[in-house]
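Using full-length UniProt numbering, the first residue of the sequence shown is number 1, and each one after it goes up by one.
Glycine included, each C-beta is placed from N, C-alpha and C at the ideal position.
Scroll down for the structure; my scribbles are underneath it.
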Amino acid sequence: MSLMRLFSRRESTASTAHTVSQAGTTQFSTSQLFDKATGAPTSHKGHHRESQQAATTPNKGAGLPPRPDYGRIICDLRQRLSESQTACEEKDEEVRLKDEQHKELGRKVEELERCVGEKQEDAREAREREDKMRSLYEAACRKADADIETLTAHLDHEYPWREALAHLATLIPPTAQSRHAGSASASPASRSSATHTNNYFPFSTLPASLSPKSSKALQSEGGEPLSPSTRLDFLPHNASGDVREMAAMVVGVLDGMREYVREVGMACEGRREEFERLKEENKALREVVDAPRTCIHCGAKYSLLKNGPEDCVYHPGKMKFYSCSSCGGAKYFTCCMKCTECSAGCRTGYHVS
């Protein structure tokens with residue numbers, strides 16, 4: 001009985017020694033539970049896990065690449081993101097500036113259209129004024145001609161001065177005619193010494209239709225008596241008073257007609273001067289309107305009012321607008337059949353109608 005107990009004690013002692021030897025092989029002792037420098041307790045689990053990993057996989061990290069630096073990668077990604085944001089902001093600023101340029105160009109085009117409309121309206125009014133002045137001038141000329149014809153007909157009806165002058169020409173001696181034609185400034189003595197032929201007849205031999213009214217009769221009707229004219233030198237010096245009175249009346253009528261024609265001519269000349277003045281005033285406007293211009297895009301010449309099929313289409317008055325097929329309602333213009341971006345701010349690029 002005692003032998004059996006002794007044998008069991010030996011077995012328990014051997015098992016305890018075997019356990020202690022195993023603990024020594026794993027290097028797990030109480031000295032490893034505390035820090036030698038500070039004396040603070042250490043992590044038992046961490047040392048145990050590291051000891052187990054070292055025991056199971058002693059050469060695990062021998063042939064593997066180094067662990068990546070995720071902090072540096074994140075910094076690089078942040079820098080790239082910041083650069084991308086800056087580029088996007090610059091692109092947005094460029095787009096905004098381009099939109100402002102398009103809007104400014106649209107405003108300039110509208111201003112040019114308004115200015116051209118005003119110039120065209122001024123040119124139209126100038127042409128209307130010119131046509132009106134021309135019509136007034138022609139009407140004044142026609143009225144003057146009609147008045148002259150009416151006065152001539154009235155004189156022919158009331159005073160047959162043509163026939164009277166013709167008859168007076170037959171009564172004037174040839175010597176008097178030659179004297180008047182050759183030397184109109186001859187003295188009265190030389191005229192009195194001239195001889196006359198039998199071609200002279202008294203004025204009483206004129207027909208009744210050619211007999212003029214006397215000075216007293218004209219004065220009784222409210223008229224003024226006619227005084228002898230100094231231009232009656234063609235009459236013979238011994239002509240009767242009736243002949244001189246008739247000649248003076250005819251000369252006075254002719255002077256009145258000449259004066260009226262002169263007044264009408266002066267009025268027409270005044271209208272002509274006013275017409276020329278208006279033409280000079282409108283000349284500057286015509287020069288501005290008809291002056292050739294140069295396209296700022298293609299260098300082609302064009303005029304505001306004179307446009308042909310080969311002229312440049314980039315100018316007010318002949319701009320071609322098209323609807324944008326990309327953005328729908330936007331419109332854009334072309335220069336010499338070249339498309340540009342739409343003026344409404346469509347950013348899809350160049351458009352084709």
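query                                                                                               : result
Buried/exposed call for V95, threshold 16 Cβ in 10 Å                                                : exposed
R127, DSSP secondary structure in three states                                                      : helix
Simplified DSSP state of R271, which is helix, strand or coil                                       : helix
R114, DSSP secondary structure in three states                                                      : helix
Anticipated Cβ contact below 8 Å, R277 with A123, distance rounded                                  : Actually they do not touch by this definition, with Cβ atoms about 17 Å apart.
Distance between beta carbons of C115 and C268, contact taken as under 8 Å                          : The Cβ separation is near 38 Å, so there is no contact.
Closest Cα partner of I148 within the set R127, R262, E113                                          : R262
Contact check, R271 vs Y137, beta carbons under 7 Å                                                 : yes
Distance, L254 Cα to Y260 Cα                                                                        : 10 Å
8 Å contact criterion, which E90 and N282 should meet: CB distance rounded                          : Contact flag wrong, Cβ pair sits at about 53 Å.
Reduced DSSP secondary structure (H/G/I, E/B, other) of residue 416                                 : Coverage of the chain is limited to positions 1 through 353, which leaves residue 416 absent and any answer about it impossible.
Distance between beta carbons of V264 and L144, contact taken as under 8 Å                          : Rather than Leu, the amino acid found at residue 144 in this sequence is Ala. Sure, about 4 Å apart at Cβ, within 8 Å.
G106 to L97 span [Cα, whole Å]                                                                      : 14 Å
Per-residue DSSP class, three states only, for A186                                                 : Since pLDDT at A186 reaches only 45, below the 50 mark, its modelled position is unreliable, and no value is offered.
Closer than 6 Å: M257 CB and nearest the ligand SAM heavy atom                                      : With respect to the ligand SAM, the structure offers nothing, as it holds no ligand at all.
Helix, strand or coil at D69 [DSSP, three-state]                                                    : coil
Cβ neighbours of A87 in the same chain (closer than 7 Å, five flanking residues each side left out) : none
Rounded separation between E128 and A139 - CA only                                                  : 16 Å
Alpha-carbon to alpha-carbon, L77 and E111                                                          : 50 Å
Cβ-based burial, M266 [other Cβ within 10 Å; buried from 16]                                        : exposed
Cα-Cα separation between K103 and D92, rounded to whole angstroms                                   : 16 Å
P66 versus Q101 - alpha carbon distance                                                             : 56 Å
Contacting residues, own chain, Cβ-Cβ under 7 Å from A126 (five flanking each side not counted)     : N282, L285
Cα-Cα separation, E274 to R134                                                                      : 10 Å
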